[in-house]
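317 is the number that full-length UniProt numbering gives the last residue of the sequence shown; the numbers go up by one with no jumps.
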Amino acid sequence: MFSWKEKVTEKLSRILADSPSSPPPALDSPQGSTSSRERSPFSSIFSSILSSASHDAHNVKENQDDFKQAEALPVVWSGDTTSWRCENLDIHVDHFPAYANKEAHNPHKEYDTHSSAMSTSGSEIYEDTVDPQSPLKLMPNLTEDSSFISVELYEFLHCSLPNIVKGCQWVLLYSTLRHGISLRTLIRKSSDLSGPCLLIVGDMKGAVFGGLLECPLKPSEKRKYQGTNQTFVFTTIYGVPRLFRPTGANRYFYLCMDDLLAFGGGGSFALSLDEDLLSGSSGPCETFGNECLAHDPEFELKNVELWGFTHSSRYLP
């Protein structure tokens, strides 16, 4: 570097010495001192230029050394990409103008930060304003609340129903909580609709079970079985809903009398209810090939519901 400086100085000195506008004066002449003073500004400018170049070269060399030292050490990053340091070495981006001015070349940074804040606040507002879906919204065809029908059971039963009633409105024809405890009242309320109807009951231990009947119910004086092969029984005692359809062993689908309502036959009733709808029984039967639908063969009833199906808007809430 310094040999280059000496060469440039020597070359410029020769150019100034050979210039016609500046004739070489005598050393002892007073004009000579004047000529020397006239040339001194050029020398000062030249010296300033060389000094500045030397200073810049020195700074570049220091920056290169700092970069080399930084590359040799592990880097620790903070959240902001323009703020970093090296372990065991106090080097910051302020030492490097190209990195220190990085934020100046990112005019969208403030906008991005503002957008992020708006997005966060927006999501919080959305979470506050969204209400959890009610059971009726998850079970759109159910016109009223049920003591037993969960979303899972609703979807299971909806898929199990005959095609003729799929997509219909579910109408609560009878409930012991609303209409009292009487099998005769249940039979009378079943005449409000025609077609298949769904009997759903539950015991005191949490089991939910029942079966598909035909509306309106027609009580007989003697034990005369009714129904078709679309009749089925179901239960939830296995943890998930389980359905039992006719096996074909017999045609004992269901009995309806003034003092008895029962499903199945050949062995035991799959499900039977007494005339006051306070107790019932369940056991294995050949008609549906089922096991006991309740927790115990003899159980106390918690509630009894009878659901009918219709396309009419008369029963819409």
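Note that the Cβ used here is the ideal one computed from N, Cα and C, for glycine as well.
Source: prediction; values computed, not measured.
Cβ-Cβ distances below 6 Å link residue 308 to 171, 173, 193, 197, 215 in the same chain, with the five nearest sequence neighbours on each side left out; the list follows chain order. Pairwise C-beta distances place the stretch 156-163 out of contact with the stretch 273-293, as fewer than three of them are shorter than 8 Å. The residue from 286, 238, 147, 144 with its alpha-carbon nearest to that of residue 252 is 286. Inclusion of residue 305 and residue 143 in the CB contact set at 9 Å is not warranted, their separation being larger than that value. As computed with DSSP, residue 304 is found in a beta bridge with 201. The criterion of a C-beta distance shorter than 9 Å is not satisfied by residue 157 and residue 217. Beyond the five residues adjoining it in sequence on each side, residue 245 comes within less than 6 Å, by CB distance, of 232 in the same chain, given in chain order. Rounded to whole angstroms, residue 213 and residue 279 show a C-alpha spacing of 19 Å. A direct Cα-Cα distance of roughly 23 Å separates residue 199 from residue 249. No residue range can be given for residue 291, since it is assigned to no beta strand (DSSP E) and is classified by DSSP as neither H nor E. With at least 16 other beta carbons inside 10 angstroms of its own, residue 293 counts as buried.
When DSSP assignments are scanned along the stretch 141-196, the uninterrupted stretches of alpha helix (DSSP H) that are 4 or more residues long and fall wholly within it turn out to be 151-160, 176-179, 183-189. One thing to note: residue 138 has its Cβ no nearer than 9 Å to the Cβ of residue 259.
Scanning its chain for C-beta atoms nearer than 6 Å, with the 5 sequence neighbours on each side dropped, one finds around residue 263 the residues 211, 233, 254, 270, 271, in chain order. Here residue 238 is exposed. Its C-beta has fewer than 16 other C-beta atoms within 10 Å.
Residues 268, 292, 297 of the same chain have their beta carbon placed closer than 6 Å to that of residue 283, with the five preceding and five following residues left out of the count.
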